[in-house]
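According to the working numbering, the sequence shown is numbered sequentially starting from 24. Note that CB positions come from ideal geometry on N, CA and C, so glycine has one too. A quick write-up on the structure given underneath.
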Amino acid sequence: RPGRIPIRATPAVIVAIVAGAMMRLSAVALAALLGSPGVAATGANPIRKVVTLLQKMQAQVTEEGKKEAKLFDQYMCYCQTGGKTLEASIEAAKEKIEADT
């Protein structure tokens, strides 16, 4: 799916994906601000609105990145230790079966 970061993505790939998303969002935001008829009437600065929007988006993307990194680390820990735990439980079950027969 577009917009999803692959599980084994390198930091350079992640930066490229995030940068592309931010560029698309900033283009949409700029188009929305420049196309709104009330901007000139109210005297609001459209550039300041875009900058503020981009700063908020940057903070949001950074926060989401931290959450994703934490989840990724938990997933990788499970992948590394889950197999060993599963093998141990299989071995214990085999020993129990052999002891019961």
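In the structure shown, the three-state DSSP call for Ala39 is helix. Taking the Cα positions, Ile120 is about 30 Å away from Cys100.
Residues Val41, Ala44, Met45 of the same chain have their beta carbon placed closer than 8 Å to that of Val84, with the five preceding and five following residues left out of the count.
Contact annotation: Leu53 and Val73 have beta-carbon atoms nearer than 9 Å. Under the three-state reduction of DSSP output, Ala67 falls in the coil class, being neither helix nor strand.
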